[in-house]
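Visitor: For the sequence shown, this note's numbering begins at 77 and goes up steadily by one. Input: one structure, supplied below.
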Amino acid sequence: ALGTVTLAVGAAAAAFAGLVAIGFQFAKSAAETGASIFDLSNKTNISVKNIDLFRRAAQDAGVGLDGVGKILDGFSTKQDEAGKSTSAANKNFEDLIVKLARIEDPAKRAAAAQKAFGDKAEAILPVISRIGDSLDGYGKRVGSIGEISEESAKRSKTFENSLLILTATTKNLAGSIGQQLIPTFQSA
77 ALGTVTLAVG
87 AAAAAFAGLV
97 AIGFQFAKSA
107 AETGASIFDL
117 SNKTNISVKN
127 IDLFRRAAQD
137 AGVGLDGVGK
147 ILDGFSTKQD
157 EAGKSTSAAN
167 KNFEDLIVKL
177 ARIEDPAKRA
187 AAAQKAFGDK
197 AEAILPVISR
207 IGDSLDGYGK
217 RVGSIGEISE
227 ESAKRSKTFE
237 NSLLILTATT
247 KNLAGSIGQQ
257 LIPTFQSA
């Protein structure tokens, strides 16, 4: 009977450890996304909210977060080249989404996207189609599930930084332990 209880406790502990590992992977994945959005917001001066809405539309269009970063980098570069204020980037981005969405002629829309986003224009057109007339309108249509707020993006960045420190500390600890064990294995 004691063996059965021990097996049951062991199985429960293993199941719990598995759930914790899965939960950690969910948290890590969410933190990576939030931290990337936070970094992109700081780099482009586009709000976390607008980047997140754009990311969600891009994801629906089959464009990953890396692609979103490249698109927004292209927008940011074009803003810089045009001498536009980086402090106005968020408003310029919102206005551009509306402007592009309202151009009915596909060739004219593509040309306007090319002017605004450079060589990333082709990737943005399906995203614009999903967004429609405004980012806020798109946000209302898709709802708030999976939404990343400014605060959660900041927490994600802090968590990501903590993971980097933990990883470095763990590697250093493993190296130190390994160095202490080398003489033991060499004398054997």
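Even for Gly, the Cβ is constructed at its ideal location relative to N, Cα and C.
Take L141 and list the residues in its own chain whose beta-carbon comes closer than 7 Å to its own, dropping the five residues that flank it on each side.
Guide: For the purposes of this step, residue 141 is identified with residue 65 of the sequence shown, where counting begins at 1. Excluding residues within five positions, the ones whose Cβ falls inside 7 Å are T109, S112, R131.
Visitor: Starting from V139, follow the alpha helix (DSSP H) in both directions and report where the run begins and ends.
Guide: Residue mapping note: residue 139 aligns to position 63 of the sequence shown, counting from 1. Where V139 is concerned, there is no enclosing alpha helix (DSSP H), given that its DSSP letter is neither H nor E.
Visitor: Compare the C-alpha of E180 against each of A90, G208, F100 and name the closest.
Guide: Residue numbering aside, residue 180 sits at position 104 when the sequence shown is read from its first letter. The candidate whose alpha carbon is nearest that of E180 is G208.
Visitor: Would you kindly work out how many angstroms separate the C-alpha atoms of A188 and A164, rounded to a whole number?
Guide: The residue labelled residue 188 in the question sits at position 112 within the sequence shown. The residue labelled residue 164 in the question sits at position 88 within the sequence shown. Each residue's alpha carbon lies about 19 Å from the other.
Visitor: What residues in its chain sit with their C-beta under 6 Å from that of R206, if we drop five residues either side in the sequence?
Guide: Here residue 206 refers to the residue found at position 130 of the sequence shown. Same-chain partners within the cutoff: A133, D136, A137.
Visitor: How many Å lie between I122 and L83 at the Cα?
Guide: If you number the sequence shown from 1, residue 122 lands on position 46. If you number the sequence shown from 1, residue 83 lands on position 7. Taking the straight line from one Cα to the other gives about 55 Å.
Visitor: Comparing alpha-carbon positions, which option in G215, S152, S210, A197 lies nearest N118?
Guide: Counting from 1 along the sequence shown, the entry for residue 118 is found at position 42. When each option's Cα is compared against that of N118, the closest is S152.
Visitor: Where do the N-terminal and C-terminal ends of the alpha helix (DSSP H) with D171 fall, by residue?
Guide: Start at 1 with the first residue of the sequence shown, and residue 171 comes out as number 95. 165 to 178 is the span of the alpha helix (DSSP H), which, as asked, contains D171.
Visitor: Where does A158 sit, in a helix, a strand or coil, going by DSSP?
Guide: Position 82 of the sequence shown, counted from the first residue, corresponds to residue 158. DSSP places A158 in coil when its eight states are reduced to three.
Visitor: Just the Cα atoms here: how many angstroms apart are I224 and V96?
Guide: For this step, residue 224 is matched to residue 148 along the sequence shown. For this step, residue 96 is matched to residue 20 along the sequence shown. Rounded to the nearest angstrom, the two C-alpha atoms are 23 Å apart.
Visitor: So, R178 versus L201, is the Cβ gap smaller than 8 Å?
Guide: As a working mapping, residue 178 is identified with position 102 in the sequence shown. As a working mapping, residue 201 is identified with position 125 in the sequence shown. The answer is no: Cβ separation not under 8 Å.
Visitor: Using only alpha-carbon positions, find the residue among G94, K160, G86 that is nearest to T120.
Guide: Mapped onto the sequence shown, residue 120 falls at position 44. Minimum Cα distance to T120 is reached at K160.
Visitor: Identify, in the order they occur along the chain, each residue of the same chain with its Cβ nearer than 8 Å to the Cβ of N126, setting aside the five sequence neighbours on each side.
Guide: Position 50 of the sequence shown, counted from the start, is the residue given in the question as residue 126. Cβ neighbours of N126 beyond the five flanking positions: N166, F169, E170, L211.
Visitor: Please report the Cβ distance between F114 and S232, rounded to the nearest whole angstrom; I am assuming they are in contact, meaning their Cβ atoms lie under 8 Å.
Guide: Here residue 114 is taken as the residue at index 38 of the sequence shown, counted from 1. Here residue 232 is taken as the residue at index 156 of the sequence shown, counted from 1. Yes, they are in contact, since the Cβ atoms of F114 and S232 sit about 6 Å apart, within 8 Å.
Visitor: Contact defined as beta carbons within less than 8 Å: I believe V139 pairs with A192. What is the distance between those atoms, to the nearest angstrom?
Guide: Counting from 1 along the sequence shown, the entry for residue 139 is found at position 63. Counting from 1 along the sequence shown, the entry for residue 192 is found at position 116. The Cβ separation is near 16 Å, so there is no contact.
Visitor: Taking G219 as the reference, give the member of L257, A197, L176, L129 with the closest Cα.
Guide: For the purposes of this step, residue 219 is taken as residue 143 along the sequence shown, with counting starting at 1. Among L257, A197, L176, L129, the Cα nearest to that of G219 is on L129.
Visitor: Let me confirm a value: Q101 is counted as buried when at least 16 other C-beta atoms fall within 10 Å, else exposed. Which label applies?
Guide: Taking the sequence shown and counting its residues from 1, the one referred to as residue 101 is at position 25. It is exposed - the Cβ of Q101 has fewer than 16 other Cβ atoms within 10 Å.
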